[in-house]
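Notes for the one structure printed next.
This is how it looks when you write it as structure tokens:
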């Protein structure tokens with residue numbers, strides 16, 4: 237799985253230039269306000285379009301699943317939602333690039349490049365557990381500038397620009413608590429065993445108040461919303477991670493890889509408020 241991830245990220249190298257480790261707690265580039273506001277509205281519009289598609293398929297009696305070459309599941313909702321977002325980008329910003337989970341890369345060297353994951357957490361979607369999300373991100377000169385995390389069934393949404401963030405339209409901040417009171421989230425324990433075999437996950441989970449899975453993008457949104465305190469994602473693709481970075485950073489969270497390095501390059505992430513993040517990394521490293 238880790239080798240597969242590395243092959244994917246190498247193919248997207250021209251689309252994603254990584255933030256230096258020294259600036260992981262802040263956005264690399266900030267858009268002018270007028271331009272930023274326009275693009276934030278459009279990013280939310282893309283999430284709205286995807287949500288309309290996803291809700292239709294979520295309500296169906298059965299959800300057909302295909303297995304992609306990499307072993308991950310995909311549904312018609314994933315494909316249709318990405319298609320409608322791509323069509324909207326083509327119509328509004330024909331010179332912008334696009335990186336999407338289902339349909340690959342277009343104009344990766346563009347100044348603005350949209351990063352799309354129409355259904356992050358397809359297994360949750362298929363199981364009709366409403367903890368999947370639609371992720372919309374925007375790279376500006378290769379760096380994360382705007383992000384939207386949207387849960388279309390629960391109608392929950394976090395939006396960020398790296399400096400500020402909102403949850404359901406209101407300003408939000410990641411919350412720091414004592415480790416013994418921390419709510420810890422991850423995607424699934426099986427992937428921790430596979431992708432992070434040397435990490436001291438059990439030690440971290442034991443020292444927190446409790447831990448829960450089904451995380452994916454929803455777990456990152458819960459950290460930004462202050463409802464959960466630590467999200468530890470053991471393996472992530474660029475389209476999983478790039479959209480959540482401006483939201484988490486805007487909410488004041490620190491995001492690094494499990495070893496403290498750049499999360500996009502490493503393909504995994506730990507997100508939490510600064511002091512709690514440092515403590516979580518210390519335990520994970522052993």
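Residue numbers (our numbering): 237 to 522.
Beta carbons: idealized from backbone N, C-alpha and C, even for Gly.
- Distance check between residue 337 and each of 348, 346, 321 places 321 closest, using alpha-carbon atoms only.
- Bridge partners of residue 309 according to DSSP: 303.
- When the five nearest sequence neighbours on each side are left out, the beta carbons in the same chain lying within less than 6 Å of the beta carbon of residue 517 are those of 496, in order along the chain.
- Between residue 346 and residue 382, the alpha-carbon positions lie close to 16 Å from each other.
- Secondary-structure assignment with DSSP links residue 370 through a beta bridge to 386.
- The three-state secondary structure of residue 466, taken from DSSP, is strand.
- Secondary structure of residue 401 (DSSP, three-state): strand.
- DSSP places residue 478 outside both helix and strand once states are collapsed to three, so it counts as coil.
- Counting every other CB atom within 10 Å of its CB across the protein chains shown gives residue 360 a total of 16 or more, marking it as buried.
- Between residue 326 and residue 332, the alpha-carbon positions lie close to 8 Å from each other.
- Annotation for residue 359: the continuous alpha helix (DSSP H) segment containing it runs 358-362.
- No Cβ-Cβ contact shorter than 8 Å links residue 423 with residue 445.
- In the three-state scheme derived from DSSP, where H, G and I count as helix and E and B as strand, residue 421 is classed as strand.
- Under DSSP, the beta-bridge partners assigned to residue 375 are 349, 380.
- Note that the C-beta distance between residue 484 and residue 459 is below 8 Å.
- Residue environment for residue 298: exposed (fewer than 16 other C-beta atoms within 10 angstroms of its C-beta).
- Below 8 Å, too few C-beta pairs join the region 407-427 and the region 303-320 to call them touching: fewer than three.
- Counting the other CB atoms within 10 Å of its CB gives residue 429 a total below 16, which places it among the exposed residues.
- Between residue 509 and residue 410, the gap from beta carbon to beta carbon is short of 8 Å.
- When C-beta atoms of the region 460-467 are compared with those of the region 370-380, fewer than three pairs fall below 8 Å, so the two segments do not count as touching.
- Apart from the 5 residues on each side of it in sequence, residue 285 sits with its Cβ closer than 8 Å to the Cβ of 317, 320, 321, 324 in its chain, given in chain order.
- Classified as buried, residue 401 has 16 or more neighbouring CB atoms from the shown chains inside 10 Å of its CB.
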